[in-house]
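All remarks here apply to the structure that follows.
In this note's numbering, the protein residues as written are 24 to 517.
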């Protein structure tokens with residue numbers, strides 16, 4: 024087992040794969056480095072002297088600037104490195120977007136909807152239009168469990184605090200995301216639960232939903248019902264009869280849409296878990312499938328790598344607007360653009376936003392960028408898509424589901440129990456986390472630094488695991504009964 028890794032030949036730092044002690048001699052190629060201090064797992068140490076003001080190179084790119092002279096063998100972290108990023112930037116298109124070589128198709132056992140779309144779950148969803156009916160939705164969910172059958176994978180409510188007292192684009196986003204979830208193929212039946220007096224009431228929401236099957240989508244206005252729970256259960260019984268007619272059948276993996284997100288990252292995330300997801304993404308896209316990468320603030324510092332992979336100048340311009348639009352969102356609220364990484368990230372070895380972003384974007388693999396999505400916009404094109412959403416785990420994962428992701432892959436070095444509206448696969452960057460939190464973690468990438476496995480091999484194993492999940496295998500969050508959603512709150516509350 025290696026105890027450190029130099030990720031790129033031009034790197035000035037290496038990353039400890041195990042805790043290293045002061046005085047240890049590290050053989051890096053022809054160079055012997057004596058560590059001057061203890062280096063925690065996932066943290067960086069200098070392979071050569073780095074003068075104050077000079078860039079610090081990791082992943083073959085700058086991750087910041089030395090705040091002071093850094094001697095060879097020193098721990099490199101927030102005490103001696105600072106971000107080198109600026110504000111809104113101008114970019115030039117330098118294409119580097121070779122298409123992937125197609126590979127043979129594979130099948131999963133999914134559901135075919137009447138409109139032709141594929142699904143990986145056959146669930147009944149209760150979608151409140153407004154937070155005022157959240158507890159009613161939960162009560163309906165509890166009592167509706169008796170209606171679940173062998174052909175219905177679950178009955179779930181998705182409470183949220185919005186749908187009223189919102190203005191402008193903020194309210195529009197809520198309506199779009201609610202409509203996206205109502206239309207999501209994983210829901211074999213949907214009860215839309217309104218109050219009656221809210222801004223985003225059912226009549227207002229229907230144009231956002233568009234065409235729908237009256238067998239699949241039912242509506243209930245609580246203020247118009249004498250007993251809203253009893254009336255809702257009667258509607259869910261009808262939905263269960265409809266949804267119960269669907270059965271799993273072979274479907275091409277090229278119809279899968281997979282969201283990609285990371286959270287609670289550590290210094291190994293960009294070395295193990297995120298590259299494995301990138302290998303998975305390339306493999307799925309090579310078979311005609313679709314992946315979606317989000318959390319735009321965690322592209323800052325690595326955005327040019329994505330921009331140069333855009334298929335054409337139009338998509339490049341959309342990606343520039345995606346990135347600079349999010350920077351303007353921060354500055355319009357008088358917030359620092361680069362207020363990242365989080366305390367947990369820093370404890371795990373991530374020092375700057377560039378450090379975090381260069382690791383985060385490893386999830387995108389090497390495929391060309393084929394599409395750019397605004398928040399709440401459904402995915403339209405196959406291949407790698409970029410989605411406008413923040414880094415917040417629940418908000419971004421919900422946004423992925425709203426844009427059409429059947430499954431979300433969530434890499435983490437710290438661990439988290441949350442879920443999203445769709446199966447949320449937790450992928451650990453280190454084996455210690457996978458061993459400690461067996462009730463959270465579905466797939467362990469820590470083996471990459473332990474048993475000699477390659478990223479390509481582990482990417483294939485993750486691909487096989489995703490096909491199993493798409494075919495009905497429960498992830499840990501599903502087994503625990505966790506189903507969450509969170510809408511991006513951006514505007515004024517009345």
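The C-beta atom is built at its ideal place from N, Cα and C for all residues, glycine as well.
Where does the unbroken alpha helix (DSSP H) through residue i begin, and where does it stop?
i, result
"residue 265", "251–266"
"residue 455", "454–459"
"residue 330", "326–330"
"residue 418", "416–425"
"residue 349", "336–355"
"residue 231", "225–232"
"residue 479", "478–493"
"residue 300", "296–309"
"residue 377", "376–383"
"residue 107", "Here residue 107 belongs to no alpha helix (DSSP H), and DSSP marks it neither H nor E."
"residue 371", "366–371"
For residue i, which residues in the same chain have their Cβ closer than 8 angstroms to its Cβ, ignoring the five residues on either side in sequence?
i, result
"residue 256", "163, 166, 167 and 170"
"residue 272", "132, 133, 134 and 135"
"residue 364", "288, 373, 374, 375, 376, 378 and 379"
"residue 120", "331, 332, 333, 334, 391 and 392"
May I ask you to list the residues that DSSP assigns as paired with residue i?
i, result
"residue 210", "146"
"residue 50", "55"
"residue 99", "67"
"residue 283", "316 and 432"
"residue 43", "62"
"residue 134", "142"
"residue 447", "431"
"residue 272", "133"
"residue 85", "80"
"residue 27", "39"
"residue 580", "One cannot answer for residue 580 here, as it falls past the ends of the chain, which runs 24 to 517."
"residue 475", "The partner list for residue 475 (beta bridge, DSSP) is empty, contrary to what the question assumes."
"residue 333", "392"
"residue 217", "244"
"residue 73", "93"
Short of 6 angstroms in beta carbon distance, which residues of its chain neighbour residue i, apart from the five on each side in sequence? Order them along the chain.
i, result
"residue 67", "36, 38 and 99"
"residue 333", "339, 342 and 392"
"residue 129", "276"
"residue 8", "No answer is possible for residue 8: the residues shown for the chain start at 24 and end at 517."
"residue 516", "188"
"residue 60", "45 and 98"
"residue 90", "103 and 105"
"residue 353", "360"
Just to confirm, is the Cβ distance from residue i to residue j under 9 angstroms?
i, j, result
"residue 420", "residue 384", "no"
"residue 33", "residue 80", "yes"
"residue 56", "residue 70", "yes"
"residue 306", "residue 126", "yes"
"residue 295", "residue 472", "yes"
"residue 330", "residue 304", "no"
"residue 443", "residue 507", "yes"
"residue 511", "residue 412", "yes"
"residue 31", "residue 65", "no"
"residue 231", "residue 263", "no"
"residue 522", "residue 216", "Nothing about residue 522 can be read from this structure; the chain reaches only from 24 to 517."
"residue 268", "residue 227", "no"
"residue 301", "residue 389", "yes"
"residue 317", "residue 243", "no"
"residue 144", "residue 209", "yes"
Around the Cβ of residue i, are there at least 16 other Cβ atoms within 10 angstroms (buried) or fewer (exposed)?
i, result
"residue 112", "exposed"
"residue 482", "buried"
"residue 452", "buried"
"residue 313", "buried"
"residue 189", "buried"
"residue 194", "buried"
"residue 110", "exposed"
"residue 25", "exposed"
"residue 220", "exposed"
"residue 122", "exposed"
"residue 402", "buried"
"residue 158", "exposed"
"residue 492", "buried"
"residue 468", "buried"
At which residues does the beta strand (DSSP E) containing residue i begin and terminate?
i, result
"residue 499", "Unbroken run through residue 499 is the alpha helix (DSSP H), 499–502; no beta strand (DSSP E)."
"residue 199", "Not the beta strand (DSSP E): residue 199 falls in the alpha helix (DSSP H), residues 191–205."
"residue 163", "Element bounds for residue 163: not the beta strand (DSSP E) but the alpha helix (DSSP H), 157–167."
"residue 241", "240–244"
"residue 408", "406–410"
"residue 81", "78–81"
"residue 393", "392–396"
Can you name, in chain order, every residue of its own chain whose Cβ lies under 7 angstroms from the Cβ of residue i, other than the five neighbours on each side?
i, result
"residue 297", "285, 382, 383, 385, 386 and 434"
"residue 367", "287 and 437"
Taking CB distances under 9 angstroms as the criterion, tell me whether residue i reaches chain D.
i, result
"residue 487", "Protein chain content of the structure displayed is limited to a single chain, and chain D is not contained in it."
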